[in-house]
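Report on the structure given below.
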Amino acid sequence: MPQRLDALHTGFRQDYPDHDAMTAQLQSWAKAFPDLARLSSLGKTPEGRDIWLLTVGRDPDRIRPAAWVDGNMHASELAGTSAALSIAEDLLRVHLGGTVAGLAPVIQDRLHDSLVYVLPRVSPDGAEAVLKTGRYVRSVPRDDRPQQPARWVCEDLDGDGLALVMRVKDPTGEFVESDEFPGLLLIRRPEDAGPFYKVWPEGHIQGFDGHHVPDPNFLGDNYPDLNRNFPFDWRGEHDQVGAGDHPGSEPESRLIIAFAQAHPEIYAWLNLHCFGGVHIRPCGDKPDTKMNPSDLALYRYLGDRAKELTDYPMVSGFEEFTYEPDTPIRGDLSDWAYNQRGCVAWVTEIWDLFAQLKLDRPKRFVDWYTQLTREDMLALANWDKAHNKGRIVRPWKVVHHPQLGDVEVGGLDPRFGCWNPPHERLAEVCNGLSQLWLETVALAPKLQIDVTETNLEGGLRRLSVQVRNVGYLPTNALASALRLPHVEPLRLELLQGISVNTSDQRRELGHLEGWGRGKGDGSGALYFLRSKGSVSSRTVELVVQGPVSFRVGSCRMGWIQVSS
1 MPQRLDALHT GFRQDYPDHD AMTAQLQSWA KAFPDLARLS SLGKTPEGRD
51 IWLLTVGRDP DRIRPAAWVD GNMHASELAG TSAALSIAED LLRVHLGGTV
101 AGLAPVIQDR LHDSLVYVLP RVSPDGAEAV LKTGRYVRSV PRDDRPQQPA
151 RWVCEDLDGD GLALVMRVKD PTGEFVESDE FPGLLLIRRP EDAGPFYKVW
201 PEGHIQGFDG HHVPDPNFLG DNYPDLNRNF PFDWRGEHDQ VGAGDHPGSE
251 PESRLIIAFA QAHPEIYAWL NLHCFGGVHI RPCGDKPDTK MNPSDLALYR
301 YLGDRAKELT DYPMVSGFEE FTYEPDTPIR GDLSDWAYNQ RGCVAWVTEI
351 WDLFAQLKLD RPKRFVDWYT QLTREDMLAL ANWDKAHNKG RIVRPWKVVH
401 HPQLGDVEVG GLDPRFGCWN PPHERLAEVC NGLSQLWLET VALAPKLQID
451 VTETNLEGGL RRLSVQVRNV GYLPTNALAS ALRLPHVEPL RLELLQGISV
501 NTSDQRRELG HLEGWGRGKG DGSGALYFLR SKGSVSSRTV ELVVQGPVSF
551 RVGSCRMGWI QVSS
């Protein structure tokens with residue numbers, strides 16, 4: 001059976017599929033393995049493309065703790081799709097009896113009962129625009145805002161099929177061409193002699209008055225940013241750029257929100273982005289000193305494992321990934337998944353370009369993106385030429401601009417090598433991420449029920465029901481999630497039969513801890529190395545007459561039915 005899976009592989013670990021190719025891959029899995037892979041569409045995008053969701057696992061209608069992975073929410077961050085598809089393919093391999101390199105046998109065994117929702121491309125319209133035209137799209141290639149000041153609109157000016165950037169000679173220009181690497185533009189210094197350049201998007205100015213050129217904006221003709229459109233701590237455009245009209249105002253984000261709310265069993269969430277080579281964990285809105293200590297211990301463990309498998313560090317979103325210090329990102333998906341869905345959630349920024357250039361890490365990880373020197377840019381150009389087939393640095397070509405006169409187009413194409421791994425490196429990146437997420441999926445809480453029966457007088461029986469959580473995580477997944485209504489406690493419900501005690505119709509059992517303790521929670525202290533008490537099990541007794549059946553579980557854990 002794994003051989004049949006291999007035959008269906010369409011090359012997403014070596015290339016970046018467009019929507020049709022991605023759809024064909026998903027449909028082939030669903031057709032070949034209907035007992036393991038179910039394909040559904042969350043809905044349509046404004047351009048009519050399906051937002052595909054692949055459910056991987058046996059008996060997909062049976063509720064049990066489930067994990068989620070999504071990719072390509074930001075349109076240019078295409079590697080998220082390949083990584084999500086790789087996770088799906090590796091899960092199918094495990095279910096089909098195959099092995100995945102690096103996964104311990106016990107991990108693979110635990111995955112046999114897993115359920116994972118895979119949404120490989122959150123923004124199909126945006127990704128298609130990036131793949132087919134090269135233009136920059138943050139999330140979606142549309143802008144429905146009624147207010148439209150003068151702005152840049154991307155378009156292909158020279159007929160090469162790409163809309164990259166253009167440069168114009170200007171004595172006030174901030175850029176100068178490198179003497180060491182022809183065509184490469186560098187930040188201007190006072191000692192530079194020129195010529196100097198302005199750099200703008202390849203395209204035209206909508207609302208141009210013939211004199212004043214507007215500032216380019218990364219959301220100028222492609223609004224909003226989907227990763228600012230989720231409910232947690234959402235703020236309007238005046239406080240958070242790219243927020244959208246209201247939480248869930250966009251179909252792509254709204255459909256994800258609705259699905260998650262209908263599926264409280266989702267306990268783990270991976271949000272795949274590019275680039276940087278980092279895992280960004282909660283909390284995004286406060287420092288670690290204000291974070292639940294049990295949650296923090298879990299993330300310490302996951303961070304160590306993430307570093308081992310991907311070589312990416314795991315950092316606090318608030319302490320190392322706020323673009324302005326002490327100014328949280330509002331309305332992002334992973335913070336919503338953690339704070340309002342109670343999920344073990346984080347963002348992975350795929351592809352460590354900085355490691356390829358051998359750059360020293362700044363104190364705050366996020367500063368790496370904005371504090372590149374001229375020497376760093378030269379290192380990028382030389383690396384691109386030597387190791388990336390020159391995909392990033394493109395030659396300039398003179399064209400006549402209908403509004404600005406003669407300009408040069410070309411410059412930088414950051415899609416492959418900068419924003420995303422080179423095609424030749426994609427597989428290794430996907431493999432490490434897949435192993436990390438499958439190991440995380442295997443941490444799921446898991447209920448085990450044992451019933452001991454004792455005969456009593458008068459045809460009565462005493463049932464001693466022991467409920468255990470034999471998984472790593474507690475049944476609430478996160479300590480901080482206990483406050484959420486859908487993270488309800490376990491309960492025992494009598495479905496059929498007669499119990500002497502009427503309260504046995506519904507017994508609340510509470511939550512059960514798992515055996516995992518994360519890292520640094522104090523349980524392994526040398527001065528008092530001890531286990532906890534019966535925190536992972538609960539025993540209740542029922543006195544019944546005749547055959548009975550009952551179930552144990554919750555909306556988050558699913559249900560196990562027992563007959564006696």
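Position 516 of the sequence shown, counting from 1, maps to 516 under the working numbering, and the rest follow consecutively. For each residue, glycine too, the CB sits at the ideal point set by N, CA and C. All figures in this text were calculated on a predicted structure; none of them were measured in a lab.
For Asp-35, the number of other beta carbons within 10 angstroms of its own is below 16, and it is reported as exposed. Of the residues Trp-200, Tyr-223 and Gln-206, the one whose Cα lies closest to the Cα of Pro-216 is Trp-200. For His-279, the uninterrupted beta strand (DSSP E) run begins and ends at 278-281, by DSSP. Boundaries of the beta strand (DSSP E) around Val-552: 537-554. Each residue's CA atom was taken as its position, placing Val-241 and Thr-10 some 38 Å apart. Around the C-beta of Thr-475, 16 or more other C-beta atoms lie within 10 Å, and the residue is accordingly described as buried.
The alpha-carbon of Pro-325 is positioned some 36 Å away from that of Val-409. Boundaries of the beta strand (DSSP E) around Thr-55: 50-56. Check the Cα spacing between Val-56 and each of Ser-563, Asp-288 and His-95: the tightest is with His-95. Taking C-alpha positions only, Ala-84 is separated from His-212 by approximately 44 Å. In the three-state scheme derived from DSSP, where H, G and I count as helix and E and B as strand, Phe-365 is classed as helix.
Here Gly-220 has Arg-151 and Trp-152 as same chain residues with Cβ atoms under 6 Å from its own Cβ, once five neighbours each way along the sequence are excluded. Note: Phe-354 is not bridge-paired with any residue in the DSSP secondary-structure output. Closest in alpha carbon position to Gly-126, among Asp-288, Arg-142 and Asn-292, is Arg-142. Residue pairing by DSSP places Gly-284 opposite no residue, since no beta bridge is assigned to it.
Around the beta carbon of Lys-446, 16 or more other beta carbons lie within 10 angstroms, which makes this residue buried. DSSP places Asp-156 outside both helix and strand once states are collapsed to three, so it counts as coil.
9 Å or more divides the Cβ of Trp-396 from the Cβ of Arg-330. CA-CA distance, Leu-438 to Trp-52, rounds to 21 Å. Three or more beta-carbon pairs separated by less than 8 Å link the region 517-525 to the region 295-306, which places the two stretches in contact. Secondary structure note for Cys-430: it is in no beta strand (DSSP E), and the uninterrupted alpha helix (DSSP H) holding it is 426-441. Leu-186 carries a strand assignment under DSSP once its states are collapsed to helix, strand and coil. For Arg-538 against Val-467, the beta-carbon gap comes to about 5 Å, under 8 Å, which counts as contact. Residue pairing of Phe-175 in beta bridges, as defined by DSSP: Ile-187 and Tyr-197. Distance from the CA of Leu-302 to the CA of Asp-209, rounded to the nearest whole angstrom, comes to 54 Å. Within the region 269-347, the complete beta strand (DSSP E) segments of 3 residues or longer fall at 278-281 and 314-316, listed in chain order. For Gly-80, the three-state secondary structure derived from DSSP is helix.
Ranked by how close their Cα comes to the Cα of Ser-434, the residues Gln-108, Arg-64 and Arg-62 have Gln-108 in first place.
Taking C-beta separations shorter than 8 Å and ignoring five residues to either side along the sequence, the partners of Lys-532 in its chain run Glu-513 and Ser-523, following chain order.
Annotated as distal: Leu-42 and Trp-29, with beta-carbon spacing of 9 Å or more.
Counted as a single uninterrupted DSSP element, the stretch harbouring Ile-392 is not any beta strand (DSSP E), since DSSP gives it neither H nor E. Residue state for Gly-510 is assigned as strand, using DSSP reduced to three classes.
The alpha-carbon separation between Ala-427 and Thr-99 amounts to approximately 17 Å.
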